[in-house]
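A.B. asks: Protein chains in written order, with my numbering: chain A, 158 to 383; chain B, 158 to 383.
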DNA sequence: AGGAGTTTGTGAACGGGAGAACAAAACGGA
DNA sequence: TCCGTTTTGTTCTCCCGTTCACAAACTCCT
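(1) Buried or exposed for residue 275 (chain B), going by 16 or more other Cβ atoms inside 10 Å?
(2) Can you give me the C-alpha to C-alpha distance between residue 131 (chain B) and residue 199 (chain B), rounded to a whole angstrom?
(3) CA-CA distance, residue 173 (chain A) and residue 195 (chain B)?
(4) Which residues in the same chain have their Cβ closer than 7 Å to the Cβ of residue 446 (chain B), if we skip the five residues on either side of it in sequence?
(5) Considering only C-alpha positions, which residue in the set B:332, B:331, B:324 is nearest to residue 339 (chain B)?
(6) Please check if any C-beta of chain B sits within less than 8 Å of the C-beta of residue 293 (chain A).
(7) According to the Cβ coordinates, are residue 270 (chain B) and residue 311 (chain B) closer than 8 Å?
(8) What are the boundary residues of the beta strand (DSSP E) that residue 296 (chain A) is part of?
(9) Write down the C-beta distance between residue 242 (chain B) and residue 366 (chain A) rounded to the nearest angstrom, noting that I regard them as a contact closer than 8 Å.
(10) Mapping DSSP to helix, strand and coil, what is residue 337 (chain B)?
(11) Can you name the residues of chain B whose CB is closer than 7 Å to the CB of residue 372 (chain A)?
(12) Check whether chain A comes within 8 Å of residue 363 (chain B), counting only Cβ atoms and requiring the distance to be less than that.
(13) Quick check on residue 242 (chain B) - is its C-beta less than 8 Å from some C-beta in chain A?
(14) Which residues of the segment 306 to 336 of chain B have a Cβ closer than 7 Å to any Cβ of chain A? Give them in chain order.
(15) Given that residue 260 (chain A) touches chain B, what residues does it touch there, using C-beta distances under 9 Å?
(16) By a C-beta neighbour count over all protein chains shown, 10 Å radius and 16 as the cutoff for buried, is residue 179 (chain B) buried or exposed?
(17) Among B:281, B:177, B:260, B:301, which one has its Cα closest to the Cα of residue 320 (chain B)?
(18) Can you give the beta carbon distance from residue 300 (chain A) to residue 279 (chain A), rounded, assuming they're within the 8 Å contact cut?
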């Protein structure tokens, strides 16, 4: 066990581990719904699609929540991970850009079930104004500051076209938003203290295409032995 | 320069580099549209949001396409990267699950502009049958095999609910699809020779929440110095 | 033609993550 | 109570990726 102050939990969880915690959380939720009350690291690792040694090491950063010879209590571990990630609390979120993707995000149930509450949908296009999406009225982008202030929003989602993304990000930062999830296919620059994560749908396809190309490249005909 | 057979390009491009090539490609396209004909590794690195040394090392895996003292020819480099990724060719794609997300994907122009051509939209729900989305008629899931065969589809996109994802994946694999982009929030298992990439929208938000929680956690009041 | 300035391509050091392997600890049965 | 079995928590080693730093190479100016 690494040295640790008594008042707080361990401080230095590796980034790679943080990225996997939500996967473990999801797997535990599924196990819980199936009525499983206890599971071993091996079972959970299979459910999460990772190596069991890696799983145990990841969990060890949170503390010793397992019992040797027995395994982990599903509910207890699930709560501990949820608390560590921060999804036991309520996170108000604004979505900017209510095109196809923005609408899909607004309707995505996976957000609300994990503590993310969409408090407003914003769009710069006046034609979209007053449309109702996922039970919320689409409001003008100019309302951003008021909304962020009223609901203490810390997280913003950008689902606009690429050209608008940097401007939206600047406005978000100016309003006090400190975490941004960017779906626009462009690099946005923000101050150091602001976190940005990007999701680019076409990049994932391109990575697949690269490997796909190399699968067929080596073979002269369509019949591949491997 | 690493040793390399004369007949083919280098074989071992690191996975981390492959994941960045599409970002470089996008940055180069933007530069090209702005009328820039030449750029240095520093300029391109800024546009792509990476370190310039990393960029140069990444590009060096493809070959020596730059000119010392000058930089890179935007058009030439763009073509070379596109060819390496494989987006100079046409990739037929099927999308399964035409809910909100599936519709957003079907309408996403970023796919078509990079060589990904959606040849069919499939959904198991008979109520969605014959709906027209993005100019394509939604067809029954049972048509998968016929479509994959007719259009030589190698890449499939799963945008179904989690419970259906594994079954869809199995059927895709059985039809001969060898690359899968999975948007369903669940782990799917496939044979080794099949590539799967996953995009989980809520996981990205959870990672942001973790960091957000720790930003505010240390500070007793709302006023944070950093 | 030659030298100063610029930028690429790469060798080398460094840091972090992945996985194997094992010691520590809990349970169960005799 | 004591021993065998199971499974966690952790150490150790290896490998991949990142970054620094510099030599090689090209341009431009005199």
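Idealized CB from N, CA, C, for every residue including glycine.
C.D. replies: Let me spell this out:
(1) Against the second chain, residue 275 (chain B) aligns to sequence position 118. When all chains shown are included, residue 275 (chain B) counts as buried.
(2) Residue 131 (chain B) falls outside the range modelled here, since chain B spans only 158 to 383, and no answer is possible.
(3) As a working mapping, residue 173 (chain A) is identified with position 16 in the first chain. As a working mapping, residue 195 (chain B) is identified with position 38 in the second chain. For residue 173 (chain A) and residue 195 (chain B), the distance between alpha carbons rounds to 36 Å.
(4) A query on residue 446 (chain B) cannot be resolved here, the shown segment of chain B reaching from 158 to 383 and no further.
(5) Counted from its first residue, the second chain places residue 339 (chain B) at position 182. Among B:332, B:331, B:324, the Cα nearest to that of residue 339 (chain B) is on B:324.
(6) The sequence position of residue 293 (chain A) within the first chain is 136, counting from 1. No - not a single Cβ of chain B is within 8 Å of the one on residue 293 (chain A).
(7) The sequence position of residue 270 (chain B) within the second chain is 113, counting from 1. The sequence position of residue 311 (chain B) within the second chain is 154, counting from 1. It is not a contact, given that the beta carbons lie outside the stated cut-off.
(8) Here the question's residue 296 (chain A) lines up with position 139 in the first chain. Counting along the chain, the beta strand (DSSP E) containing residue 296 (chain A) begins and ends at 293 to 297.
(9) In the second chain, residue 242 (chain B) corresponds to position 85, counting from 1. In the first chain, residue 366 (chain A) corresponds to position 209, counting from 1. About 6 Å; that satisfies the 8 Å criterion.
(10) Walking along the second chain from the start, residue 337 (chain B) turns up at place 180. If DSSP states are grouped into helix, strand and coil, residue 337 (chain B) belongs with the strands.
(11) Locating residue 372 (chain A) in the first chain gives position 215, counting from the first residue. Chain B residues near residue 372 (chain A): 335.
(12) Within the second chain, numbered from 1, the residue matching residue 363 (chain B) stands at position 206. Yes, its Cβ sits closer than 8 Å to a Cβ of chain A.
(13) Counting from one through the second chain, the residue named residue 242 (chain B) turns up at place 85. Output row for residue 242 (chain B): interface = yes.
(14) 311, 312, 335, 336
(15) Residue 260 (chain A) sits at position 103 when you count from the first residue of the first chain. Those within 9 Å of residue 260 (chain A) in chain B are 257, 260, 261.
(16) Translated into positions along the second chain, residue 179 (chain B) becomes position 22. With 16 or more Cβ atoms within 10 Å of its Cβ, residue 179 (chain B) is classed as buried.
(17) To locate residue 320 (chain B), count along the second chain from 1; it is residue 163. For residue 320 (chain B), the nearest C-alpha among the options comes from B:281.
(18) The residue given as residue 300 (chain A) occupies position 143 in the first chain. The residue given as residue 279 (chain A) occupies position 122 in the first chain. That belief holds up - the Cβ atoms of residue 300 (chain A) and residue 279 (chain A) are roughly 6 Å apart, short of 8 Å.
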